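Peer 1: Numbering-wise, the sequence shown is residues 892 to 956 according to my numbering. Note that beta-carbon positions come from the ideal geometry of N, C-alpha and C, so glycine has one too. A quick note: this is a predicted structure, and the numbers were derived from the prediction, not measured.
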Amino acid sequence: MRDYLIAMLVIPVLFGAWIVVQRIVKEFALRHPEFGPPREEGGGCGSSCGCSGKKACKNRDKHEH
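The structure is reproduced here in structure tokens:
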């Protein structure tokens with residue numbers, strides 16, 4: 892029962908901490924536009940399309956449209 896209660900407290904705390912980190916990153920990006928927009932998670936070539944290089948991603952995008 893104790894493990895269950897600990898998990899019920901830790902998981903929301905970690906989730907809240909991740910939201911705070913995302914907010915800090917977005918605020919930093921607004922203050923420093925020279926670094927470009929913040930990258931969203933899963934927006935890179937290797938993480939969202941399963942390819943090994945950018946050229947493969949471009950080819951994949953052409954076939955989808």
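The alpha helix (DSSP H) with Gly-907 in it runs from where to where?
Peer 2: 893–922
Peer 1: Could you pull out every residue in the same chain whose Cβ sits closer than 8 Å to the Cβ of Val-916, ignoring the five residues on either side in sequence?
Peer 2: Pro-929
Peer 1: Looking only at its chain, what residues have a beta carbon closer than 7 Å to the beta carbon of Ala-920, apart from the 5 residues adjacent to it on each side?
Peer 2: Phe-926, Pro-928 and Pro-929
Peer 1: Whole angstroms are fine: how far does the CA of Arg-922 sit from the CA of Leu-896?
Peer 2: Rounded to the nearest angstrom, the two C-alpha atoms are 40 Å apart.
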